[in-house]
Amino acid sequence: MIRVTILVAALVFSASAVLADEPIVGNWKTGEGDTAAIAPCSSGYCVTLKTGKYAGRQIGRMQGKGSIYSGELTDPVDNKTYNGSGTVSGNTVRMQGCVLKVFCKSQTWTKL
């Protein structure tokens, strides 16, 4: 019984460690200077503002691994949701939201 419990705990820890090792996970300084936290949630990653006028608001859900992520991003100012992507390069991530893949806005965030 103890052996099974240890095995289950090890598997749970290993699965969460894999998500935690993803380069997108962490706290990021946004283009506006606020802090956004990207953390594992469900089967992907949630983007939540930690500071600023919209602190506490979830502004995105992403899936992916390595340096390429995709999902949805919400502009907290107008509360509109767009097709989104995040591309990690070193200590920066380029976040982009698009309408019809033609009209896009992007920001580069820096890892804190």
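Counting from 2, one number per residue, gives the positions in the sequence shown under this note's numbering. Idealized CB from N, CA, C, for every residue including glycine. From a predicted model like this one, the values you see are computed outputs, not experimental measurements.
* Of the residues TRP29, GLY61, ILE25, the one placed nearest PRO77, counting alpha carbons only -> Residue 77 sits at position 76 when you count from the first residue of the sequence shown. The residue with the shortest Cα to Cα distance from PRO77 is GLY61.
* Asked: VAL19: buried (16+ other C-beta within 10 angstroms of its C-beta) or exposed?
  -> For the purposes of this step, residue 19 is taken as residue 18 along the sequence shown, with counting starting at 1. Summary for VAL19: the model assigns pLDDT 45, below 50, so the residue's position carries little reliability; its value from the coordinates is reported in the next sentence. Flag for VAL19 reads exposed.
* If we count the other Cβ atoms within 10 Å of its Cβ and call it buried at 16 or more, is ILE39 buried or exposed? -> What you label residue 39 is simply residue 38 of the sequence shown in a count that begins at 1. So ILE39 counts as buried.
* Within 10 angstroms of the Cβ of THR75, are there 16 or more other Cβ atoms? Answer buried if so, exposed if not. => As a working mapping, residue 75 is identified with position 74 in the sequence shown. Result: buried.
* Determine the direct distance from the alpha carbon of LEU101 to that of TRP110, and round the result to whole angstroms. => Sequence index remark: in the sequence shown, residue 110 carries index 109 (1-based). Sequence index remark: in the sequence shown, residue 101 carries index 100 (1-based). In a straight line, the C-alpha of TRP110 is about 23 angstroms away from that of LEU101.
* For SER43, which of helix, strand or coil comes out of DSSP? -> Mapped onto the sequence shown, residue 43 falls at position 42. Here SER43 sits in coil by DSSP.
* Asked: Below 8 angstroms between beta carbons: does that hold for GLN59 and THR49?
  -> Stepping through the sequence shown from its first residue, residue 59 is reached at position 58. Stepping through the sequence shown from its first residue, residue 49 is reached at position 48. The answer is yes: Cβ separation under 8 angstroms.
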